[in-house]
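Residue numbers (the working numbering): 27 to 319.
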Amino acid sequence: MSKISAKHPALARLPRLKRHEELFLSHPAMKIAVLGLALCTVMTAAAQDKPTDFASQTPLSLSGEGPWYRIELPLAVQLNARQTDLGDVRVFNAEGQPQAYAITPRQPAREQEPAPIEVKWFALYSTQEAGDTAPVIRIERSSNGSVIEVQPQSDIEAGEEVLRGWLLDTSAVKAPLEQLVIDWSTEREGFQNFSIEASDDLQHWRDWGEGQVARLSFADEVVEQREVGLPGQSARYLRLLWRAPHSAPLLVSAHVLSAASDNPTPPLTWSPPVKGSVESPNEYVWQLPAGLP
């Protein structure tokens, strides 16, 4: 029994139920079925169950030719059930014969799939002698942290600069990053491998693994792989440094896909009013159904 304290005696509604189930039935000739709720927690074999063995019954109206039917589980069944997993529910046809069934939760659908978010990218130049060392750069940022300009820390003579990679500004994306999608100039073909690092301050970098993209063409056919998986964590900046080949291509676009900021809300249903009883001054008691999730 659950107790609810209140200052004013009144009829109360149960909390909105989040359980939303679908019932699957199998019987080609079934027109009316009856849901039975177990009177006892220990039951005999399902083949021996009879409608009279159960404490309450709820009629089901079916339409169509079958052989399978799908209906929404009546709220009355959920309120009267004694087991939270609805293990005390049985289905019978109009002749009292038990029927095969399965109760499955309905998954709430997202309103829409997350759309790719375009992010700014900035070239990272270094020299041949620097090898795999991350380029040393000067960065100008705005008051909100977004990158305005990126320049090498020291001047690089003409002809010695190497485009080592790209800095992506993802500071406007607040949700965890799940995928990176880039496009590059058509002059670069073949497979490309690069490291992925993440940072929130442009000083300390976290290793996010390796990425690989590819563009292969033959005659009029082109095969591309432009998507790279990310670990589903938040970061204000990403640094991509090319490993093979050692120089990066010219980017044409860069997008990220983020995880949804919240989970879809399951459908909610109100129960009928439930009377409370007075136990002591200013304290009222409601008997809630045992089968609530």
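The C-beta atom is built at its ideal place from N, Cα and C for all residues, glycine as well.
Just how far apart, CA to CA, sit residue i and residue j?
i, j, result
"residue 85", "residue 298", "18 Å"
"residue 267", "residue 246", "31 Å"
"residue 240", "residue 251", "5 Å"
"residue 194", "residue 248", "27 Å"
"residue 69", "residue 115", "Caution is warranted here: a pLDDT of 42 is assigned to residue 69, below 50, making its placement in the model unreliable, and no coordinate value can be reported."
"residue 221", "residue 206", "13 Å"
"residue 54", "residue 235", "For residue 54, the predicted model reports a pLDDT of 41, less than 50, meaning its position is unreliable and no value from the coordinates is stated."
"residue 164", "residue 215", "31 Å"
"residue 177", "residue 200", "26 Å"
"residue 337", "residue 112", "No information on residue 337 is available, as it lies outside the stretch 27 to 319 that the chain covers here."
"residue 254", "residue 101", "45 Å"
"residue 67", "residue 306", "Bear in mind that a pLDDT of 36 at residue 67, under 50, signals an unreliable position, so the number given afterwards is only what the model happens to contain. So the alpha carbons of these two residues sit roughly 33 Å apart."
"residue 258", "residue 81", "49 Å"
What residues in its chain sit with their C-beta under 7 Å from that of residue i, if we drop five residues either side in the sequence?
i, result
"residue 261", "196, 203, 224, 225 and 226"
"residue 57", "Here residue 57 scores only 39 on pLDDT, less than 50, and its place in the model is too uncertain to base an answer on."
"residue 189", "149, 151, 273 and 274"
"residue 166", "174 and 175"
"residue 210", "275, 276, 277 and 278"
Specify, as a first and last residue, the run of the beta strand (DSSP E) that residue i falls within.
i, result
"residue 119", "115-119"
"residue 324", "The shown model of the chain, from 27 to 319, leaves out residue 324, and the question about it has no answer."
"residue 253", "253-259"
"residue 112", "Looking at the DSSP string, residue 112 is not in any beta strand (DSSP E), and its letter there is neither H nor E."
"residue 199", "No beta strand (DSSP E) contains residue 199, which DSSP labels as neither H nor E."
"residue 281", "277-284"
"residue 309", "309-312"
"residue 233", "232-244"
"residue 219", "216-225"
"residue 265", "263-270"
"residue 131", "126-131"
"residue 146", "146-153"
Please identify the residue among the options whose C-alpha is closest to the C-alpha of residue i.
i, options, result
"residue 368", "187, 311 and 285", "Nothing can be reported for residue 368, as the shown portion of the chain is limited to 27 through 319."
"residue 161", "274, 255, 279 and 216", "274"
"residue 233", "206, 256, 209 and 215", "256"
"residue 277", "166, 192 and 170", "192"
"residue 265", "271, 253, 237 and 244", "237"
"residue 296", "305, 201 and 105", "105"
"residue 212", "271, 243 and 309", "243"
"residue 95", "126, 80 and 74", "126"
"residue 208", "128, 166, 281 and 176", "281"
"residue 218", "170, 200 and 270", "270"
Among the residues of its own chain, which have a CB less than 6 Å from the CB of residue i, if the five just before and after it don't count?
i, result
"residue 303", "311"
"residue 231", "223 and 225"
"residue 147", "192, 194, 277 and 280"
Going along the chain, which residues of its own chain have a beta-carbon closer than 8 Å to the beta-carbon of residue i, five neighbours each way excluded?
i, result
"residue 168", "174"
"residue 198", "143, 145 and 172"
"residue 263", "173, 193, 194, 195, 196, 197, 224, 225, 226 and 228"
"residue 170", "197"
How far does the alpha helix (DSSP H) with residue i in it reach, from first residue to last?
i, result
"residue 105", "101-106"
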